[in-house]
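Worksheet for the structure shown next.
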Ligand SMILES: [Fe+2]
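In this note's numbering, the protein residues as written are -15 to 431.
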């Protein structure tokens, strides 16, 4: 039985706990409120379309040896848009030699209102040449940007690969793409392995994605594949790729017809990059993939898609894709598969039977990575050579005739993982570990 004194004491302690709890929830909601308010303001600060071109981005529709596609956005008052191009020269007089090309224009209506999305595909360019271009109309033009066409045939180059960007694109993904550019400013393109944004048709999120990359998008071509977050249900309740996908990215139409501009391949200086769409129709893509790999004159082959053949996150798996696509990768000795979706980091290889024997001979190397801030817990599995979590990363891949040098680098510029793949004549690739001595991530223990 409680005495008056002990009841008072109990009231005092209960009251104290209640006050502390109330303060905690109040402060918590204040901070959460501030945080969401901050995010809201960031999103709200995305400019609406105007007569000034924005969202300028390079992609390829045709052969990188002699073509370059460019897309950009204005408000609907710009009905005739143009792109100008000239061989770049250190003298500013290059502008006098510029040729003009009329853009294709489509109207897209989003929650931001109507916008005109313009694109051109420059063709008949010279190989391995530096060009300057700008986009606009009338008196309103972008600045001049540079790009370089690909060399004919094998020639060493570097490219960047990103896992999911997806969330807090402006506030937190921006540092990853900027670190990637600072580390490899001469990289020839960026592979985006899906989930570029969180909500497929949210124009504000796309605005953040473009602002995060800024003029990097206008100088370093993108090779994007759609993730599940680039899909949304339409009025008929069918899942469809974002209505902003094609207006933003002018891509090759050499893939599966019903998956136009989400399945395609690009040949670049001795490398075939194959983009697959892991969201739908995997069987149709398998048939197409066989053809594309069978008739592949390139020395190296990289495949990219979103949902990983081998998962890195706890409790995730994609057995259907593995069953359908992996035998094709094995048969045609695909060198690397670059994936996303699991919001953590892992890579593994040598899996003809689905088992990593951790020896020097390397079958296809599978990588899962993440560039944005959303993180999942890693699930340690037998397929992994290396694994890690809670780290924003970009990957730098340098390709020569006989070797691929691979590095995973953090958003703060630290080397996180590295290896080399050496091409061997008539035998599997050789993998040489180059793991940094001071690595800060969890590693999978060999059995
Ligand atoms: Fe995803």
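Heads up, the beta-carbon is just placed ideally off N, CA and C, and yes, glycines get one too.
- Counted as a single uninterrupted DSSP element, the alpha helix (DSSP H) harbouring residue 196 occupies residues 187 to 197.
- Between residue 348 and residue 319, the C-beta spacing is below 8 angstroms.
- Of the residues assessed, residue 199 falls on the exposed side of the cut-off, its CB having fewer than 16 other CB atoms within 10 angstroms.
- Exclusion of the five residues before and after residue 259 leaves 209, 248 and 288 as the residues of its chain whose Cβ lies within less than 6 angstroms of its Cβ.
- Residue ranges of uninterrupted alpha helix (DSSP H) with 4 or more members, entirely inside the segment 200 to 258 and ordered along the chain, are 200 to 203 and 229 to 232.
- Taking C-alpha positions only, residue 52 is separated from residue 300 by approximately 38 angstroms.
- Secondary structure at residue 90: strand, using DSSP grouped into helix, strand and coil.
- In the DSSP annotation of this structure, residue 376 is not part of any beta strand (DSSP E), being labelled neither H nor E.
- Relative to residue 383, the option among 195, 173, 111 and 224 whose CA is nearest is 173.
- With a cutoff of 8 angstroms on beta-carbon distance, residue 135 and residue 253 are scored as near each other.
- Residue pairing for residue 129: DSSP places it in a beta bridge opposite 117.
- A distance of 8 angstroms or more separates the beta carbons of residue 333 and residue 353.
- In terms of Cα proximity to residue 328, the closest of 404, 296 and 89 is 296.
- In this structure, the CA atom of residue 363 is about 21 angstroms from the CA atom of residue 262.
- The continuous stretches of alpha helix (DSSP H) do not include residue 72, and DSSP gives it neither H nor E.
- The Cβ atoms of residue 54 and residue 206 lie no closer than 8 angstroms to each other.
- Contact check between the segment 371 to 382 and the segment 300 to 319: fewer than three CB pairs, one atom from each, fall below 8 angstroms, which does not count as touching.
- Across the set 110, 385 and 93, the C-alpha of 385 shows the shortest separation from the C-alpha of residue 142.
- Residues 51, 52, 53, 54, 67, 69, 85, 115 and 117 of the same chain have their beta carbon placed closer than 8 angstroms to that of residue 106, with the five preceding and five following residues left out of the count.
- Straight through space, the alpha carbons of residue 165 and residue 203 are spaced by roughly 10 angstroms.
- Exclusion of the five residues before and after residue 389 leaves 382 and 404 as the residues of its chain whose Cβ lies within less than 6 angstroms of its Cβ.
- One Cα belongs to residue 290, the other to residue 178, and the distance between them is close to 5 angstroms.
- A check of alpha carbon separations from residue 184 across 151, 195, 225 and 220 identifies 225 as the nearest.
- A check of alpha carbon separations from residue 367 across 294, 228 and 162 identifies 294 as the nearest.
- Only residues of its own chain outside the window of five on either side were considered, and among them 68 and 70 have a CB closer than 6 angstroms to the CB of residue 82, listed in chain order.
- Nearest in C-alpha terms to residue 96, of all of 132, 251, 189 and 325, is 189.
- Secondary structure of residue 38 (DSSP, three-state): strand.
- DSSP lists no beta-bridge partner residue for residue 318.
- Proximity of the beta carbon of residue 239 to ligand 1 is not indicated: no heavy atom of the ligand is located closer than 7 angstroms.
- In the three-state DSSP reduction, residue 298 falls in the coil class, being neither helix nor strand.
- Here DSSP, grouped into helix, strand and coil, assigns residue 269 to helix.
- With a threshold of 16 other beta carbon atoms within 10 Å, residue 62 meets it and is buried.
- Within the chosen limit of 7 angstroms, ligand 1 reaches the beta carbon of residue 213 through at least one heavy atom.
- For residue 162, the secondary structure class from DSSP, reduced to helix, strand or coil, is helix.
- Residue 181 carries a coil assignment under DSSP once its states are collapsed to helix, strand and coil.
- Residue state for residue 401 is assigned as strand, using DSSP reduced to three classes.
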